[in-house]
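To start, the structure itself, in structure tokens.
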Amino acid sequence: MRVQKPKGTVDILPGESQNWEKVENITRSFLTRAGYREIRTPLFENYEVFSRSSGESSDIVEKEMYDFQDKGGRHIALRPEGTAGVVRAYVENKIYGPDHVKPFNVYYIAATFRYERPQAGRQREFHQIGIESFGSDNALSDVQTIMLGNDLLHELGVKNFELHINSLGNEEVRKAYHDALINYFTPLKDKLSEDSQRRLGTNPLRILDSKDERDKEFLPDAPKIIDYLDEDSKAKFDHITQMLKDLGIDYVIDDDLVRGLDYYTGVIFEFMVADSDLWASPTTVLGGGRYNHLVEEFDGPETPAVGFGIGEERLMLVLQKQNPDLFADHGIDFFLANIGEGTELKTIETARALRKQGYQVDFDVDQKKLKNQFKKADRLKASYVITIGARDLAEGVVQLKRLSDGKQIPVALEKLGHMADIIAEL
RNA sequence: GCGGAAUUGGUGAAGUGGUUAACACAUCGGUUUGUGGAUCCGACAUACGUGGGUUCGAUUCCCACAUUCCGCCCCA
1 MRVQKPKGTV DILPGESQNW EKVENITRSF LTRAGYREIR TPLFENYEVF SRSSGESSDI
61 VEKEMYDFQD KGGRHIALRP EGTAGVVRAY VENKIYGPDH VKPFNVYYIA ATFRYERPQA
121 GRQREFHQIG IESFGSDNAL SDVQTIMLGN DLLHELGVKN FELHINSLGN EEVRKAYHDA
181 LINYFTPLKD KLSEDSQRRL GTNPLRILDS KDERDKEFLP DAPKIIDYLD EDSKAKFDHI
241 TQMLKDLGID YVIDDDLVRG LDYYTGVIFE FMVADSDLWA SPTTVLGGGR YNHLVEEFDG
301 PETPAVGFGI GEERLMLVLQ KQNPDLFADH GIDFFLANIG EGTELKTIET ARALRKQGYQ
361 VDFDVDQKKL KNQFKKADRL KASYVITIGA RDLAEGVVQL KRLSDGKQIP VALEKLGHMA
421 DIIAEL
């Protein structure tokens, strides 16, 4: 049988997988220090969990969802984003109850699925790193969320990202702004690109984001969301941006910033990376915002919330380019080479003992010639080779050799239990 | 969903309608058996994404499909 992975999926093989581990370990450590704990929710949910929260008319729901009927006739969907499932879990487990400390802060690193045409940094199965904070509407929680995104990217070594932020208001504000955009663009309809003529009917906000020159000339005079915000939203947005300024976090206010999901209600933001070697136009690596009504949508109590999601594949692309040192391959600590009668057992015993001391140790299970064993040690990028030979063994020693400079010393068998000391002497 | 390009061994690749598919790297074996990253010698594609067609004959021409990549839509 000739097998092939499904379109838009990838195998992450050894060599690559350790890079992911590295990024994920740094991320987990970072978020744990910030008081976020991991949540794991199902890979699939009832279809409605995603269709209702993301917006029935959003592209994600209309054409990108992996959904199917299971054998029990249930309409199931693979998660196309992380937030909805977490909100569902929050409500279903009654985490809004008094037993839980508020805000309730969680993170996840999870596989996510969208039926799309694959491209660089876009797959059908991909991974999102996300955080969500439930229970506070204070600007501090918005600022902290943005700050964590900023600091995490810095800690990982992303160099040239730009933070774009904007504010969407409540339901009424969005409605009024939506209408204003339609009123503005409708008379211009014939001059707009085909895509934007279509957007006028589906999602006029997206016209603001158009890359088509025919559209761009009309954008500067288009209505700005900021002029439609209510006083509270405006004051809060100012408060947030002021704090970012005080924290030394650079940002640009981006009137044209819109996000693909319907549930955002307040501040929204994207961290974008411009790298022409990677993408033709600046690409979002991290995006998020405030969503104060989603919990209610799931029949939970009124609960403000804010969060973000990182596209892990895109993050990896950027890091491999901008911080390759992070992925340096250091190889193993010891390779055990053995030669002569009766050295096999001593070899595997020594491997066991050294591993117990915390070292990465390997040896040649195929027992090839000494020369081949050394070659294998080189291939494994071993720092040291310990040669266990029958002649030496009779005298109670093994040979320890540092491969970088070839220096070799005999080591008494009894001392193998204290490898750190021996290496210090070498 | 729309438009474009690509598809030869483990890797990078050259190449032609017709008897041995170049070259390089890597790998494996050897260079007389206790020490590597050097040199030298040798081995290594039943076959050129899959299926069909044209042809006496196709890896080379045509068609379809698949996958990958690029741009758009959209998004992480």
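Here the first sequence is numbered in the UniProt record's numbering, starting from 1 and rising by one per residue.
Yeah, the Cβ is synthetic: ideal placement off N, Cα and C, and Gly gets one too.
On a predicted model such as this, the values are computed, not experimentally measured, just so you know.
Terminal residues of the beta strand (DSSP E) in which residue i lies
| i | result |
| --- | --- |
| Glu45 | Phe44 to Asn46 |
| Gln399 | Val397 to Arg402 |
| Asn105 | Phe104 to Phe113 |
| Leu78 | His75 to Leu78 |
| Gln408 | Gln408 to Ala412 |
| Gln357 | Gln357 -> no beta strand (DSSP E), and no H or E assigned at all. |
| Asp67 | Asp67 to Gln69 |
Assigned secondary structure, residue i (DSSP; H/G/I helix, E/B strand, else coil)
| i | result |
| --- | --- |
| Phe363 | strand |
| Glu132 | strand |
| Tyr384 | strand |
| Gln18 | helix |
| Asp212 | coil |
| Asp256 | coil |
| Phe218 | coil |
| Glu64 | coil |
| Val267 | strand |
Residue i - partner residues in DSSP beta bridges
| i | result |
| --- | --- |
| Met272 | Glu162 and Thr284 |
| Thr241 | According to DSSP, Thr241 bridges with nothing at all. |
| Phe126 | Thr112 |
| Glu38 | Tyr107 |
| Arg290 | Val306 |
| Gln4 | Paired residue(s): none; Gln4 is not in a bridge. |
| Ser167 | Val267 |
Where the alpha helix (DSSP H) containing residue i begins and where it ends
| i | result |
| --- | --- |
| Asn150 | Ala139 to Leu156 |
| residue 431 | Residue 431 lies beyond the stretch modelled for the chain, which goes from 1 to 426, so this question has no answer here. |
| Phe374 | Leu370 to Arg379 |
| Ser196 | Glu194 to Thr202 |
| Val91 | Thr83 to Glu92 |
| Asp250 | Careful: Asp250 lies outside any alpha helix (DSSP H) and carries neither H nor E. |
| Ile422 | Met419 to Glu425 |
| Ala394 | Ala390 to Ala394 |
For residue j and residue i, the rounded distance between their alpha carbons
| i | j | result |
| --- | --- | --- |
| Leu380 | Leu200 | 59 Å |
| Ile146 | Gln357 | 41 Å |
| Val87 | Gly121 | 27 Å |
| Leu326 | Arg214 | 43 Å |
| Trp20 | Asp190 | 48 Å |
| Arg198 | Gly311 | 28 Å |
| Ala328 | Arg402 | 20 Å |
| Tyr90 | Leu156 | 29 Å |
| Gly300 | Thr41 | 18 Å |
| Phe104 | Ser141 | 11 Å |
| Phe302 | His293 | Note on identity: in this sequence residue 302 is Glu, with Phe being the wrong assignment. C-alpha separation (whole angstroms): 7 Å. |
| Arg114 | Gly309 | 15 Å |
| Asn160 | Gln320 | 14 Å |
| Lys346 | Ser29 | 39 Å |
| Tyr107 | Thr83 | 10 Å |
| Ala353 | Ile109 | 35 Å |
| Pro118 | Ala111 | 16 Å |
| Pro98 | His164 | 36 Å |
| Leu244 | Ile268 | 14 Å |
| Leu205 | Val3 | 43 Å |
| Ser210 | Ser54 | 21 Å |
| Pro410 | Ala382 | 18 Å |
| His127 | Asp227 | 36 Å |
| Leu416 | Leu370 | 21 Å |
| Lys224 | Gly149 | 26 Å |
| Asp254 | Leu219 | 12 Å |
Cβ-heavy atom distance, residue i to the ligand MG, below 7 Å
| i | result |
| --- | --- |
| Asp179 | The ligand content of the structure shown is nil, which means the ligand MG is not present either. |
| request: With a floor of 3 residues, list each beta strand (DSSP E) that falls wholly inside the stretch 295-342, ordered by position along the chain. | output: Fully enclosed beta strand (DSSP E) runs of 3 or longer: 305-311 and 334-339.
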